[in-house]
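Residue numbers (the working numbering): 0 to 309.
Glycine included, C-beta positions come from ideal geometry on N, C-alpha and C.
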């Protein structure tokens with residue numbers, strides 16, 4: 000966004016009415032981890048098997064790593080090509096909420112009385128070779144990729160490469176209050192992805208056919224590589240959790256493809272109940288656009304003949 004000077008933001012100027020609607024959705028969806036009491040989960044936590052506790056904590060630390068990347072460099076990389084001041088303001092909200100998501104995992108650990116052990120789980124995420132390879136890849140794209148690669152990387156990290164980290168909590172739902180945290184995170188991620196997907200599609204339509212083909216080839220290679228790495232990471236999980244995480248991975252990958260306007264690529268094997276639950280939480284780009292269109296029509300004053308009498 001190449002302004003020669005700073006200017007006040009006039010939200011009555013709607014260069015893209017989806018900006019106004021997304022702002023309303025994001026601010027209405029505002030929440031803080033500290034407002035959800037997690038103490039009730041302690042009794043359940045204390046009787047869980049040790050290996051299940053380890054899986055939950057390691058995966059939440061992995062999710063924390065992903066959201067930290069997004070809040071620190073992912074969203075920032077999207078700022079370089081914003082088209083409106085309102086879009087810049089929306090990215091400010093997304094950056095803050097990504098930080099809330101990141102902090103939420105520490106809040107879960109703290110509420111489960113895991114302060115002394117939390118360091119071990121975060122260290123696991125910070126030193127795991129597969130996860131660190133992912134960090135390096137996304138850091139490279141966010142710093143050196145083109146506009147479309149950055150948006151695609153942001154969307155794919157937010158969905159496919161993070162949803163699997165919620166597998167043990169989504170599967171068992173024993174930790175009721177922690178599940179509420181994950182639900183809020185998923186709702187927020189859905190808005191981030193749907194909005195970013197809309198902006199991606201809008202810009203993608205301006206490309207030549209050759210440029211579109213080049214990107215699609217890059218994205219197929221990128222998504223295949225990162226999915227394979229994620230599957231390798233899940234190999235260390237117990238069989239039930241691994242299977243569930245891989246199914247969430249496939250679901251998230253399809254969600255990312257759909258958000259960007261591409262056909263879904265992967266077979267999904269989630270249970271109908273889990274799929275319905277996720278579908279109810281996650282905003283799609285198409286749904287967001289239709290809601291914004293309806294919102295704009297309702298808030299646009301109808302004209303009459305008197306408007307043209309001077």
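Using the beta-carbon count (16 or more within 10 Å), is residue i buried or exposed?
i           : result
residue 293 : exposed
residue 44  : buried
residue 167 : buried
residue 49  : exposed
residue 108 : buried
residue 139 : exposed
residue 36  : exposed
residue 175 : exposed
residue 19  : buried
residue 125 : exposed
residue 7   : exposed
residue 236 : buried
residue 31  : exposed
residue 169 : buried
residue 29  : exposed
residue 65  : buried
residue 233 : buried
residue 3   : Because the pLDDT of residue 3 is 49, which lies under 50, any placement of that residue in the model is unreliable, and the question is left without a value.
residue 282 : buried
residue 244 : buried
residue 99  : buried
residue 335 : With the chain covering only 0 through 309, there is no way to say anything about residue 335.
residue 159 : buried
How is residue i classed by DSSP in three states: helix, strand or coil?
i           : result
residue 259 : coil
residue 74  : helix
residue 36  : coil
residue 282 : coil
residue 6   : coil
residue 30  : coil
residue 251 : helix
residue 308 : Reliability of the predicted coordinates at residue 308 is poor, the pLDDT of 43 falling under 50, and the value obtained from them is presented with this limitation in mind. Note: residue 308 maps to coil in three-state DSSP.
residue 146 : helix
residue 127 : coil
residue 18  : helix
residue 134 : helix
residue 81  : coil
residue 225 : helix
residue 302 : Confidence is the limiting factor: at residue 302 the pLDDT is only 43, short of 50, which leaves the residue's position unreliable, though a coordinate-based value still follows. Three-state result, residue 302: coil.
residue 270 : coil
residue 11  : coil
residue 111 : coil
residue 264 : coil
residue 179 : helix
residue 236 : coil
residue 158 : coil
residue 293 : helix
residue 172 : coil
residue 48  : coil
For residue i, which option in the options has the closest C-alpha, if you only look at C-alpha atoms?
i           : options              : result
residue 269 : 32, 248, 88 and 143  : 248
residue 25  : 188, 214, 243 and 13 : 188
residue 154 : 198, 178 and 235     : 198
residue 93  : 194, 54 and 53       : 194
residue 202 : 73, 231, 61 and 146  : 146
residue 73  : 96, 53 and 234       : 96
residue 291 : 226, 13 and 143      : 13
residue 59  : 165, 77 and 132      : 165
residue 260 : 252, 232 and 273     : 252
residue 239 : 286, 181 and 51      : 51
residue 223 : 182, 69 and 133      : 133
residue 61  : 212, 177 and 162     : 162
residue 220 : 17, 78, 80 and 151   : 151
residue 297 : 5, 16, 117 and 9     : 16
residue 263 : 111, 272, 250 and 27 : 250
residue 122 : 56, 136, 183 and 100 : 56
residue 34  : 82, 285, 67 and 179  : 179
residue 103 : 144, 182 and 116     : 182
residue 11  : 83, 27 and 208       : 83
field: Segments of 3+ residues assigned as beta strand (DSSP E) that fall wholly inside the segment 194-219
entry: Listed in chain order, there is nothing to give.
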